[in-house]
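Encoded as structure tokens, the structure appears first; notes follow it.
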């Protein structure tokens, strides 16, 4: 049992490190992509308005403070606002959840109805035409780009 506890603790530690690295990259990309204020305001916005929005977004603070606020907000489930949709980012992500579940259910259905029986038949009839065709189709499916498979 001690081995399992150590394994789970190790996996948890690696997961936390991976989440920290991903969040750090996201923060860096957001900050390196430029100032978002011009996207939020009209081009002829007065300087005072630009400075007010920068202050409201916390962009007038140092990068370490911005990062600490970013991590704190993420830990509390606040992922900010979408500049494009002008609403909370979590609401935007959740609005696409039904379509995501629909695609996942369709893929699961194909796997259960088609792939599982073909895999069993391929295992029973090794080196047959069906086995080679199934392996070729699986290779194509694994090699095809996801944007192409998504259209299918």
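Numbering (this note's numbering), first residue to last: 1022 to 1173.
In this text, a Cβ means the ideal position worked out from N, Cα and C, and glycines have one as well.
For residue 1027, the enclosing alpha helix (DSSP H) stretches over residues 1023-1053. When C-alpha distances from residue 1103 are compared across 1097, 1116 and 1042, the shortest belongs to 1116. If you compare the alpha carbons of 1048, 1039 and 1110 with that of residue 1086, the shortest gap goes to 1048.
Secondary structure of residue 1119 (DSSP, three-state): helix. Under the three-state reduction of DSSP output, residue 1109 falls in the strand class. Under the DSSP definition of a beta bridge, residue 1102 partners with 1109. Pairing residue 1052 with residue 1084 gives a Cβ-Cβ distance under 8 angstroms. Going by beta carbons, residue 1071 and residue 1062 fall inside the 8 angstroms limit. When rounded, the separation of the alpha-carbon atoms in residue 1032 and residue 1058 is 40 angstroms.
In this chain, the alpha helix (DSSP H) harbouring residue 1095 covers 1084-1096.
Sequence-distant partners of residue 1081 (beyond 5 residues in either direction) whose C-beta falls short of 6 angstroms from its own C-beta, in its chain, are 1075. In the DSSP annotation of this structure, the continuous segment of the alpha helix (DSSP H) that includes residue 1069 starts and ends at 1068-1077.
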